[in-house]
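Oh and the sequence shown: position 21 is 70 in our numbering, straight run, nothing missing.
The beta-carbon is built from N, C-alpha and C at its ideal position, and this holds for glycine as well.
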Amino acid sequence: MSKTITVGLDLAKNVFQAHGADATGRGILRKRLKQDHVLELFSRLSPCVIAMEACGGSHFGTREIRKLDHDVLIDPACLLEAIQAVQGHQ
Numbered sequence: 050m051s052k053t054i055t056v057g058l059d060l061a062k063n064v065f066q067a068h069g070a071d072a073t074g075r076g077i078l079r080k081r082l083k084q085d086h087v088l089e090l091f092s093r094l095s096p097c098v099i100a101m102e103a104c105g106g107s108h109f110g111t112r113e114i115r116k117l118d119h120d121v122l123i124d125p126a127c128l129l130e131a132i133q134a135v136q137g138h139q
């Protein structure tokens, strides 16, 4: 299996969505996770960049994921919406 370089984590109330890509941008990870399984997933991955939307719970999750040696980026929702609009994903 290719080494995961970047993971996007979509936060929700009960079920989170994680998508990962390798260095070439090819999707190699697609998982639906309950909240209590998120840290378990990231503990199995080698250190990578994880991007998520800024919200109330994201700051706690960021601290916990950083303890696992991952680089976590928190982006405001307005920035993510602008990226989706440019890419035509709305």
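Drop a sphere of 10 angstroms on the beta-carbon of residue i, count the other beta-carbons inside from all chains shown, and report buried for 16 or more, exposed for fewer.
i    : result
F109 : exposed
V64  : exposed
C104 : exposed
P106 : Checking the sequence, you will find Gly at residue 106 rather than Pro. G106 comes out exposed.
Assuming the contact rule is C-beta atoms closer than 8 Å, residue i and residue j should be a hit. Round their C-beta distance to whole Å, please.
i    : j    : result
K80  : A67  : 5 Å
A100 : L122 : 5 Å
V56  : L78  : 7 Å
E102 : D85  : That pair is no contact at about 20 Å.
Within a Cβ cutoff of 8 Å, which residues of the same chain sit near residue i, ignoring the five residues on either side of it in sequence?
i    : result
D118 : P96
G76  : H68, G69 and A70
Going along the chain, which residues of its own chain have a beta-carbon closer than 6 Å to the beta-carbon of residue i, five neighbours each way excluded?
i   : result
I54 : D71, A72 and C97
Continuous beta strand (DSSP E) assignments of at least 3 residues falling wholly in the segment 71-128 | As far as the segment 71-128 is concerned, its whole beta strand (DSSP E) runs of at least 3 residues are 76-83, 98-102 and 120-124.
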